[in-house]
Every structure is written in C-alpha cells, then in structure tokens.
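The structure appears below as structure tokens.
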Amino acid sequence: MRILFAGSPGSAAQILKNLATHECEIVGVISQPDKRSKRGGKNEPSAVSAEAIKLGIPLYNPKSIDEDFKETILQINYDFLVVSAYGKILPSWLLEHPLVAPINIHFSLLPKYRGASPIQSCLLNGDKKTGISIMKMTRGLDEGPVYSLHDHEISSLSNKIDLENELVALTNKILFKSLLAIFNSSQKPLEQDNDSATYCNKITKASGMVSFLEEEAEHIFRKFKALNGWPGLFFHRNGIDIKIHGMAVQAPQNGINISDNFTFSKDGIIIKTKDSSIVITHLQFPGKKIITASDAANSYADFFAN
Numbered sequence: 117m118r119i120l121f122a123g124s125p126g127s128a129a130q131i132l133k134n135l136a137t138h139e140c141e142i143v144g145v146i147s148q149p150d151k152r153s154k155r156g157g158k159n160e161p162s163a164v165s166a167e168a169i170k171l172g173i174p175l176y177n178p179k180s181i182d183e184d185f186k187e188t189i190l191q192i193n194y195d196f197l198v199v200s201a202y203g204k205i206l207p208s209w210l211l212e213h214p215l216v217a218p219i220n221i222h223f224s225l226l227p228k229y230r231g232a233s234p235i236q237s238c239l240l241n242g243d244k245k246t247g248i249s250i251m252k253m254t255r256g257l258d259e260g261p262v263y264s265l266h267d268h269e270i271s272s273l274s275n276k277i278d279l280e281n282e283l284v285a286l287t288n289k290i291l292f293k294s295l296l297a298i299f300n301s302s303q304k305p306l307e308q309d310n311d312s313a314t315y316c317n318k319i320t321k322a323s324g325m326v327s328f329l330e331e332e333a334e335h336i337f338r339k340f341k342a343l344n345g346w347p348g349l350f351f352h353r354n355g356i357d358i359k360i361h362g363m364a365v366q367a368p369q370n371g372i373n374i375s376d377n378f379t380f381s382k383d384g385i386i387i388k389t390k391d392s393s394i395v396i397t398h399l400q401f402p403g404k405k406i407i408t409a410s411d412a413a414n415s416y417a418d419f420f421a422n
C-alpha cells in the first residue's frame, strides 16, 4: 500500500508518525512552506515537515500547487492520498490521481460540522459526543462520501487541546485498518445526507474576545475550553487585552455581594456576566507572565477598579 500524505500542524504530524509504523510505504509528504518564526525571525518548518524529515520521507513544500508541482506529483504512483489539516484547497487533478482514493480525516461525525473548526464547534455547543470521519475527498467542502464513522465521548473537563489529542489517538487506532479495508474493497463509502449538514466557521483571533455583560456564564466557559491554545479567551479593559488562563463557571457561595463588575475574592476575580458570574483564577497581561488572581489583586487593583 503506497500513500502520499498531506498535512501541516502537530496533530497531523502525530498521525504521520504513527502511520509510518505500519506496513505501508509513504512515498511523499506535502506540507505548507516554512514560515518565519515570531521569535528570532527564522524560517521554521511545519510540524509535518519536521516529522517527514525525521522519517526520511520525500518532502514537498509548494508555495502554490502549480503546473511544475503537478508534473512532479503525477510521476509518482500511489494508492491513497491521505489528508489531515493540510490548510489549502487541493485541485481536482490531485484528488483524481490516487489509484484507490483520496482520503480525508475529519474530526467530526459528518455531515455535522463541515468546515475548519469542528473541534471548537462541538465544545462551543456543549456536545456530549463527537468523533472521526474517514471520508473520500471531493471538491465540495467535506461533502464526500464517508467510509466510516468513529464515535468519541467528550469529557466535561476536555478543552480543545485535550479533545484534539484524544481524536488523534483514536485516529491512530483506526486509520490503517480503515485504509486496509478500503484497499481490499471490503469497505464502501456512503453518501452524506446533505439536508442534515451543519457548518462551522474559521476561528480567528477575534473569536477569543469575551464581553462579560453580553454573554452568559456557561457560554463563556465553553468558549474558554473551545479556544484553548489559540486564540485563547481574552477581554478588553482600559485599552489592553488581558488573556484568561484559568476559569470556573460560577462564583462560590461565599456570601460576597457582587455589586461591581470585578470583585476580588480568595477564589479569584469574580466577574459579572449576562446571567450570573464566572471566576478568573489565572490571567496574563500583554508581554507579562501568567499570574494568579491574588497576584493581580496585589499588583493591579486600581486597574480593575470600577
């Protein structure tokens, strides 16, 4: 079984690393071009590129999928194109070239959450279950027929990074078996029910902005979990953005009368929301280290004064 792999972030790198341990030949890896690091200004490879180099697999980092790249790839014979978060739209010729099928690993139970942010979306909506879809790629956005669905229960404690790691682990358990079943023609894809499809939007930095008095406490806490990592959750006050690194859903029942928008307590900074309150336990000012709420009370009390 010969595979051409396409992906870019750390989650895809873990999948590539695991796939390389199985009885298949990874004939090449396509990943995003190196990007300039914010620290030091040096060009750094994507996580998938770095893993491909470690594994000694031929690596392709096209700035654009043009005719020169097409000519190179069409000289390679492979059974599967396996895609995991590559980050660019792939042309028809690349999807049509595999001898068996172009496969996408999508982190939702399709047709639910087609699009770029299925993990964040299920956490934002408070779902109890998600999973993985092994699907045949088409030109439409996550519209292709699905070979198999694999359920995964969502812990109430899971944030985006936790859940992504769990779905990667599940992928590593089932991917090679799924490819083998497709290769042996024992697993056929089923068309999706387009009438049941839902879509999720691309996450931007602005997605992490929270307006406490305009949002309910439970929704804010879901955002905190869903946007863990990047962009994170932050609020704007006195002209700066303050990032939230620790939060509880409700203020403890300690007899404090929350008459102000920001109230310091032994448990954290209690903040009014649209319907109740939340408690911030850890936060970060721009260019500073993460601090506890008690440290903020000592150093930034005037900043939070109403």
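Per our numbering, residue 117 is the first one in the sequence shown, and the count goes up by one each step. Glycine included, C-beta positions come from ideal geometry on N, C-alpha and C. All of these numbers come straight from a predicted model, not from anything done at the bench.
Taking residue i as the reference, give the member of the options with the closest Cα.
| i | options | result |
| --- | --- | --- |
| I336 | N300, M253, I387, K318 | I387 |
| E331 | K390, T379, G355 | K390 |
| H361 | L343, F419, F378 | L343 |
| S147 | K382, L206, G123, H222 | G123 |
| P207 | A201, M253, L225, D243 | M253 |
| T287 | I119, L135, R118, L120 | L135 |
| L329 | I169, G144, L399, I394 | I394 |
| L240 | S274, F401, V164 | S274 |
| K359 | F378, H398, K289, E212 | H398 |
| A409 | I385, F420, I221 | I385 |
| F299 | A217, M251, D309, I221 | A217 |
| R255 | I219, K276, S249 | I219 |
| H352 | F420, N281, E334 | F420 |
| F380 | D357, E280, A417 | A417 |
| N414 | S392, G355, K382, G403 | K382 |
Can you tell me which of the three DSSP states residue i falls into?
| i | result |
| --- | --- |
| I290 | helix |
| P234 | helix |
| S415 | helix |
| P368 | Bear in mind that a pLDDT of 48 at P368, under 50, signals an unreliable position, so the model cannot answer this. |
| A421 | coil |
| D383 | coil |
| K405 | coil |
| T397 | strand |
| F196 | strand |
| L175 | strand |
| V284 | helix |
| K424 | For residue 424 there is no data in the structure shown, the boundaries of the chain being 117 and 422. |
| E246 | Strictly speaking, residue 246 in this sequence is Thr, with Glu absent from that position. Looking at T246 - three-state DSSP - the assignment turns out to be strand. |
| D267 | strand |
| G203 | coil |
| I146 | strand |
| A217 | strand |
Cβ of residue i within 8 Å of Cβ of residue j?
| i | j | result |
| --- | --- | --- |
| P347 | K321 | yes |
| G278 | K245 | Position check: residue 278 holds Asp in this sequence, whereas Gly was assumed. Cβ distance not < 8 Å, so D278 and K245 don't count as in contact. |
| S294 | Y263 | yes |
| I407 | M363 | no |
| Y176 | V143 | no |
| E167 | K204 | no |
| F185 | P214 | no |
| L125 | A201 | The sequence as given places Pro at residue 125; Leu does not occur at that position. Contact flag set, yes. |
| G247 | S224 | yes |
| Q303 | E259 | no |
| T251 | L211 | First, the amino acid is wrong: residue 251 is Met here, not Thr. Taking 8 Å as the Cβ cut-off, M251 and L211 do not qualify as a contacting pair. |
May I ask you to list the residues that DSSP assigns as paired with residue i?
| i | result |
| --- | --- |
| M253 | In the DSSP output, where bridge partners are listed per residue, M253 has none listed. |
| L306 | V262 |
| E160 | K151 |
| S392 | DSSP, once it has assigned bridges, lists no residue as partnering S392. |
| R118 | E141 |
| K359 | F350, Q400 |
| A129 | DSSP, once it has assigned bridges, lists no residue as partnering A129. |
| Y229 | Y229 pairs with nothing; no bridge assigned. |
Taking 8 Å as the threshold (beta carbon to beta carbon), is residue i in contact with chain C?
| i | result |
| --- | --- |
| I387 | Structure shown: chain C not included; a single protein chain is present. |
### Query
Quick one: any contact between the region 230-240 and the region 185-195, if contact means 3 or more CB pairs under 8 Å?
Counting Cβ pairs under 8 Å, fewer than three are found: no touch.
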